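Here is the structure we will look at, set down as structure tokens.
Residue numbers (the working numbering): 200 to 289.
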């Protein structure tokens, strides 16, 4: 095995670990939001829904490493994550 193969494997493992850590952080934040959601979800406005989607999109872009022009819906499908305002209402 040459050194370039070892470097590629190490890099792949490293990227996988970072992706796992980012996903765990996103799930943690989602859990916190779901915990406090019952107090404010009843009166959520469309502006607040857009704000939640914007926050979730930033996390999804960070997790996937996708370009900023990637649609939020595509990122949600890739990561198998429901929209935050729907997830909070459940």
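C-beta atoms are modelled at their ideal positions from N, C-alpha and C, and glycine is treated no differently.
These figures come from a predicted structure and were not determined experimentally.
Please state the DSSP three-state secondary structure of residue i.
i: residue 234; result: helix
i: residue 225; result: helix
i: residue 219; result: helix
i: residue 280; result: coil
Would residue i be called buried (16 or more neighbouring beta carbons within 10 Å of its own) or exposed?
i: residue 285; result: exposed
i: residue 247; result: exposed
i: residue 277; result: exposed
i: residue 256; result: buried
i: residue 262; result: buried
What do you reckon, are the CB atoms on residue i and residue j nearer than 8 Å?
i: residue 281; j: residue 258; result: no
i: residue 267; j: residue 260; result: yes
i: residue 283; j: residue 232; result: yes
- Enumerated in chain order, which unbroken segments of the alpha helix (DSSP H) with a length of 4 residues or greater are wholly contained in the stretch 238-268? 245-263
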